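Trainee: Here you go, one structure.
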Amino acid sequence: MTTSVPIRPCRDDERETILEIVNAAAEAYRGVIPDDCWHEPYMPAEELDAEMGAGVDFWGYESDGELVGVMGVQPVKDVVLIRHAYVLPERQGEGIGRALLEHLRGLTDRPILIGTWAAAEWAIRFYERNGFERVSEERKNELLSTYWTIPARQIETSVVLAQSR
Ligand SMILES: CC(C)(COP(=O)(O)OP(=O)(O)OC[C@H]1O[C@@H](n2cnc3c(N)ncnc32)[C@H](O)[C@@H]1OP(=O)(O)O)[C@@H](O)C(=O)NCCC(=O)NCCS
Numbered sequence: 058m059t060t061s062v063p064i065r066p067c068r069d070d071e072r073e074t075i076l077e078i079v080n081a082a083a084e085a086y087r088g089v090i091p092d093d094c095w096h097e098p099y100m101p102a103e104e105l106d107a108e109m110g111a112g113v114d115f116w117g118y119e120s121d122g123e124l125v126g127v128m129g130v131q132p133v134k135d136v137v138l139i140r141h142a143y144v145l146p147e148r149q150g151e152g153i154g155r156a157l158l159e160h161l162r163g164l165t166d167r168p169i170l171i172g173t174w175a176a177a178e179w180a181i182r183f184y185e186r187n188g189f190e191r192v193s194e195e196r197k198n199e200l201l202s203t204y205w206t207i208p209a210r211q212i213e214t215s216v217v218l219a220q221s222r
């Protein structure tokens, strides 16, 4: 019996589907992240285009021929960033996020860094259970300004996780 791996690079014509997954899953942030950081849609089409243009490669998890989860990787300088990890709300908690993270981790020997909202406790727990740990506040500020291009307010309200030693 052969089992096909449900994880594959997203195709260029799947931008609409990626946005649907991101924006459905990002509902989790509503009322949780600071109000001035929330906007609707959470990720507009232009932002996805810009992220892809900046080198974020999206990978998807396919189930019954449909994408149900996406995760991006972005090589920056000497590290790889995991960007935009989202699983459809009705498919969360099934191990799809973990499978995507494991897959992307296997693609590189470089150190991997992940940034997320400090208020997204479930996301932080998800990464902690999967081999990542929060870096200190000082290191976070350093890493966010070295490897990410985000506004000062987002630096203030984010955390960074690195692989546990
Ligand atoms: C964070 C996220 C990507 C994780 O993907 P996922 O497919 O739900 O994760 P997994 O199924 O691999 O679950 C990981 C763990 O969290 C638990 N879990 C995650 N979401 C859950 C939910 N909605 N209900 C119950 N358990 C949940 C699982 O039981 C599992 O626990 P375990 O590691 O002890 O077995 C996904 O939940 C999501 O899209 N959340 C909303 C958006 C978000 O926070 N994105 C992160 C951006 S950095």
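With my numbering as the guide, the letters of the sequence shown map in order to residues 58 to 222.
Where a beta carbon is used, it is the ideal one built from N, C-alpha and C, also for glycine.
This one's a predicted model, so the numbers in the text were calculated from it and none came from an experiment.
Only counting the same chain, and skipping five residues up and downstream in sequence, which positions put a Cβ closer than 8 Å to that of V136?
Mentor: The residues are R167, P168, I169, L170 and Y204.
Trainee: Judging by CA-CA distance, which residue of I207, R140, K197 and E108 is the nearest neighbour of V69?
Mentor: Before going further, note that residue 69 is Asp rather than Val in the sequence given. Comparing Cα-Cα distances from D69 to each of I207, R140, K197 and E108, the minimum goes to E108.
Trainee: Between E151 and P63, is the Cβ-Cβ spacing less than 8 Å?
Mentor: Against a cut-off of 8 Å, the Cβ pair of P63 and E151 comes out as no contact.
Trainee: Would G188 pass as a contact of Q220 if the rule is Cβ separation under 8 Å?
Mentor: Result yes, Cβ atoms of G188 and Q220 sit closer than 8 Å.
Trainee: Give every residue of the same chain whose Cβ lies closer than 6 Å to the Cβ of P132, excluding the five residues on either side of it in the sequence, and list them in chain order.
Mentor: So no residue of the chain qualifies.
Trainee: Alpha carbon to alpha carbon, how far is P208 from E123?
Mentor: Computed Cα separation, rounded: 34 Å.
Trainee: Going by DSSP, name the residue or residues bridged to Q131.
Mentor: Per DSSP, L138.
Trainee: Measure from the alpha carbon of L145 to the alpha carbon of each residue in L218, R191, G126 and Y184, then state which is nearest.
Mentor: Among L218, R191, G126 and Y184, the Cα nearest to that of L145 is on G126.
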